[in-house]
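The structure appears right after this line, and notes come after that.
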Amino acid sequence: MNVFVDFTPHSDLFYSLHMLFERRLGMNLFRPVGLEWQKRGFQFIDPTPDVEAKLIDGVYHVPMKMEEKGACYTQKAITFDEFLRIDFDLMVTIYAAHEEVFYKLKQNYKPNAVFIRQIGNIHELPLGFCKNILLVTCEPMPSNVNYIIYHPEHYEGYCYTQPPTHKTVSNFVHDLPYYYDLADWNKCKNALSDFAFRMHGHQGTDGEMPHLLMPQAMKDSSFIWHVKAHGGGGFVLRQALGCGRPCIIKRKYFVAHNNLEGNLLEDSVNCIDLDLGVDRAIQMLRAWSDPDHHIAVCQATAEKFKHDVNFHEEAQRIKQWISNLKR
């Protein structure tokens with residue numbers, strides 16, 4: 105089966121589509137490239153082929169790295185003319201702004217393809233052009249929508265390794281100094297003066313963490329601070345749990361945004377909930393920093409994630425769901 109998706113510069117998101125459709129389900133995934141798309145009125149993001157891409161039988165094979173010393177995978181990119189040549193079984197858009205665009209592409213050029221939209225942003229609803237939704241939240245959907253909830257798969261480099269340190273708290277959320285409960289961060293940091301507090305992300309005191317260095321940086325951490333008022337969860341939370349690193353959170357944010365990842369969190373098991381008290385969190389961080397205790401908590405966090413999220417089983421559910429969709 106052939107699948108056409110819009111291009112996204114969000115490396116983790118595109119990789120999750122690669123893992124679902126190509127690695128898990130054995131399909132061929134293609135995305136747009138070239139200026140002809142824009143000339144035709146389809147304003148996709150990536151207009152030109154990558155300089156390292158190889159053109160093979162009309163398809164640009166674009167190498168993509170997910171980690172500095174890790175695996176490389178290939179994105180398949182096609183021009184508009186190549187899009188016309190290929191028979192597509194599925195057309196999948198991930199942007200609200202592209203829902204109507206993909207609807208027109210399907211209607212005018214690929215009427216036999218099944219049209220699907222992935223919704224991963226909080227509080228988003230389909231715009232009415234697409235009725236088949238891959239849903240990454242717990243947002244209530246309209247009654248006329250056919251949807252399936254799933255967790256986008258992250259890069260396999262986010263896996264458990266024994267923590268090399270037991271007193272390092274790392275934040276990878278953007279704009280923490282301005283938006284995300286900085287007072288709680290400072291209170292914990294001041295109370296735990298023997299801990300290392302690393303604030304990465306845009307506007308962070310330790311600078312943005314390059315994407316290719318993220319997996320190792322997360323595994324080099326003891327705890328992941330993920331207090332995110334806007335959105336709650338996302339890739340970073342799943343990646344942290346996959347690495348077996350307990351998270352510091354505020355559950356109210358997951359509840360407020362109908363966030364799917366909130367179902368993965370259990371206070372005092374794989375996370376510390378600041379909603380239950382900052383002083384309590386400080387005491388728990390102190391107790392959990394004991395090396396033997398910390399290793400046990402990290403191992404339990406990784407095992408719980410494997411139990412709660414089975415990417416293979418989710419892919420098989422999606423495969424069955426797709427087989428029942430109407431063209």
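The sequence shown begins at 105 in my numbering and counts up one residue at a time.
Don't be surprised by glycine CBs; every beta carbon is placed ideally from N, CA and C.
This one's a predicted model, so the numbers in the text were calculated from it and none came from an experiment.
- Counting only the Cα atoms, Asp298 lies some 21 Å from Ala400.
- Spanning the alpha carbons of Met245 and Glu228 requires a straight line of approximately 9 Å.
- In this structure, the alpha-carbon of Lys354 lies about 12 Å from that of Glu365.
- The region 204-218 and the region 232-240 touch, with no fewer than 3 CB-CB distances between them shorter than 8 Å.
- In this structure, the alpha-carbon of Ile220 lies about 5 Å from that of Val196.
- Residue pairing by DSSP places Met195 opposite Phe108 and Phe219 in a beta bridge.
- Under the three-state reduction of DSSP output, His165 falls in the strand class.
- Collapsing the DSSP output to three states places Met303 in a strand.
- The Cβ atoms of Ile226 and His330 lie no closer than 9 Å to each other.
- The alpha-carbon separation between Val163 and Tyr119 amounts to approximately 18 Å.
- Every beta strand (DSSP E) of 3 residues or more that sits fully in the region 197-269 is shown, in chain order, as 218-223, 236-239 and 250-253.
- By the CB criterion at 9 Å, Ala300 and Val273 fall inside the cutoff.
- Beta-bridge annotation (DSSP): Tyr357 is not paired with any residue.
- Taking all protein chains in view, the Cβ of Cys402 is crowded by 16 or more other Cβ atoms within 10 Å, so the residue is classified as buried.
- Counting every other CB atom within 10 Å of its CB across the protein chains shown gives Pro167 a total below 16, marking it as exposed.
- Short of 7 Å from the beta carbon of Cys263, and not among the five residues preceding or following it, lie these beta carbons of its own chain, in chain order: Gly346 and Cys347.
- Distance between Glu126 and Lys323, taken at the CA atoms: about 27 Å.
- If you draw a 10 Å sphere on the C-beta of Gln222, you find 16 or more other C-beta atoms in it, and that means buried.
- Using a 10 angstroms sphere on the CB of Cys176, the tally of other CB atoms stays under 16, which defines it as exposed.
- With at least 16 other beta carbons inside 10 angstroms of its own, Thr183 counts as buried.
- Annotation for Gln179: the continuous beta strand (DSSP E) segment containing it runs Cys176 to Ile182.
- Looking at Trp392, Leu280 and Asn414, the one whose alpha-carbon comes closest to that of Thr309 is Leu280.
- In this structure, the straight-line span from the alpha carbon of His306 to that of Gln424 is close to 40 Å.
- Excluding the 5 residues flanking it on each side, Met131 has same chain C-beta neighbours closer than 8 Å at Met105, Asn106, Val107, Phe125, Asp193 and Leu194, in chain order.
- For Glu260, the closest of Met318, Pro215 and Glu140 by C-alpha to C-alpha distance is Met318.
- According to the DSSP assignment, Ile160 belongs to the beta strand (DSSP E) that extends over Lys158 to Ile160.
- In the assembly as shown, Val359 is an exposed residue. Its beta-carbon has fewer than 16 other beta-carbons within 10 Å.
- Taking the Cα positions, Ile328 is about 45 Å away from Arg144.
- Out of Pro256, Ala404 and Thr241, the CA that lies nearest to the CA of Phe415 is found in Pro256.
- For Asp377, the enclosing beta strand (DSSP E) begins and ends at Cys375 to Asp377.
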